[in-house]
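Numbering (the numbering used here), first residue to last: 143 to 450.
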DNA sequence: ACTGCGTCCTGGGGGC
DNA sequence: TGCCCCCAGGACGCAG
């Protein structure tokens, strides 16, 4: 469930706790949590020990911490964090014990007391120390927290498209027109396109359903049969709903998504269609339907959102 | 090249 | 009470 607003809430929350702090050690409690790591858990811990944390950057649902070596020189690698379905980054004081926390996967000990916990029940999330490389599209490296001129991203992020809240994607820019064109280019439904993180990043299942409800578009509407203006409306609605959710601290249905202090966001109460199967559409009163699509649930109003 | 499906994983909840 | 199946879904790998 962590999509852009949830990941950004975590990123912004982490920033003041980790900027300029030195990592003294890292403990991996579940190898799967570092499954992408070249060299495994040992390499993971060795690459982090003694490094100082620089910027905390996010692009879409990916977040990473840049690192500086013991000699003060920036490393050409970064600590990547992906929360997956149920990942959490929690800031703890140094005396917090790890007993009785069955889902604690990785712990970072920072100097001067703080601990960072990566907790993840469903283990779809991961941490890894990865080389920084140029992005495929040479767009800005990250949206939040990074000097845009740097434009370097961890390897796993190289093919990830621009962040939906990236200022470079403002209406009327060349990047925005290019995105609109690429969205309409393929033969596929609009929701599939919105969820394709290599085109545009940050949208997940919940906010895709919400943006499509707001613009009265069916989730499987073929994009090549949509006008540029219609695509623009969907993008604007997506940006709107992401910004509103971010202001509310994200969407939480249960304790699986929380901020760095373990507190839930409150956007769930503002959802218009996601999770409302059988309840009346807030526009026309028709019961909301839920259909299986792409191995997940799509919620929509069968009257407001017709395929054309 | 592009599209779309299966897989990974855990715990909660409903039905019988 | 216990068991089984379904459900949540981000991103990747691979088949067609």
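Where is the CB? At the ideal position from N, CA and C, for every residue including glycine. Everything numeric in this text was worked out from a predicted model, so none of it was measured.
Assuming residue i and residue j are in contact, meaning their beta carbons sit under 8 angstroms apart, how far apart are those beta carbons, in whole angstroms?
| i | j | result |
| --- | --- | --- |
| residue 362 | residue 435 | 7 angstroms |
| residue 194 | residue 163 | 7 angstroms |
| residue 268 | residue 224 | 6 angstroms |
| residue 249 | residue 235 | Not a contact, Cβ separation roughly 13 angstroms. |
| residue 155 | residue 402 | 4 angstroms |
| residue 307 | residue 207 | No, residue 307 and residue 207 are not in contact; Cβ-Cβ is about 20 angstroms, not under 8 angstroms. |
| residue 276 | residue 294 | 6 angstroms |
| residue 274 | residue 218 | 5 angstroms |
| residue 364 | residue 330 | 7 angstroms |
| residue 379 | residue 353 | 4 angstroms |
| residue 238 | residue 257 | 6 angstroms |
Based on Cα-Cα distance, which residue from the options lies nearest to residue i?
| i | options | result |
| --- | --- | --- |
| residue 278 | 299, 265, 418 and 157 | 299 |
| residue 355 | 159, 446 and 255 | 446 |
| residue 440 | 450, 425 and 414 | 414 |
| residue 432 | 351, 381 and 449 | 351 |
| residue 377 | 266, 323, 420 and 330 | 323 |
| residue 166 | 177, 179 and 210 | 210 |
| residue 405 | 188, 220, 230 and 189 | 230 |
| residue 374 | 321, 387, 420 and 221 | 321 |
| residue 198 | 157, 443, 333 and 379 | 157 |
| residue 334 | 313, 316, 359 and 317 | 359 |
| residue 177 | 168, 270, 315 and 305 | 270 |
| residue 339 | 316, 304 and 312 | 304 |
| residue 244 | 237, 421, 265 and 325 | 265 |
| residue 255 | 169, 159 and 246 | 159 |
| residue 381 | 399, 316 and 311 | 311 |
| residue 314 | 370, 332 and 238 | 370 |
| residue 296 | 317, 220 and 192 | 220 |
| residue 429 | 416, 443, 417 and 325 | 443 |
| residue 372 | 388, 387, 438 and 326 | 326 |
| residue 179 | 426, 337, 272 and 427 | 272 |
| residue 222 | 215, 196 and 238 | 196 |
| residue 151 | 386, 416 and 427 | 386 |
According to DSSP, which residues form a beta bridge with residue i?
| i | result |
| --- | --- |
| residue 208 | 220 |
| residue 234 | 257 |
| residue 249 | 169 and 259 |
| residue 364 | 331 |
| residue 229 | 262 |
| residue 442 | 431 |
| residue 150 | None; residue 150 has no bridge partner. |
| residue 369 | Paired residue(s): none; residue 369 is not in a bridge. |
| residue 296 | 274 |
| residue 269 | 223 |
| residue 195 | 209 |
| residue 305 | 343 |
| residue 201 | 204 |
Between the segment 146-162 and the segment 387-404, can you find at least three pairs of beta-carbon atoms closer than 8 angstroms?
yes
Is the segment 331-346 touching the segment 201-208, taking contact as three or more C-beta pairs under 8 angstroms?
yes
Starting from the N-terminal side, write out each stretch of the alpha helix (DSSP H) that is 4 residues or longer and does not extend beyond the segment 389-429.
none
Touching or not, the segment 258-267 and the segment 179-188, by the rule of three or more beta carbon pairs under 8 angstroms?
no
Extract the residue ranges of the alpha helix (DSSP H) inside the segment 339-364, only unbroken runs of 4 or more that lie entirely within it.
347-356
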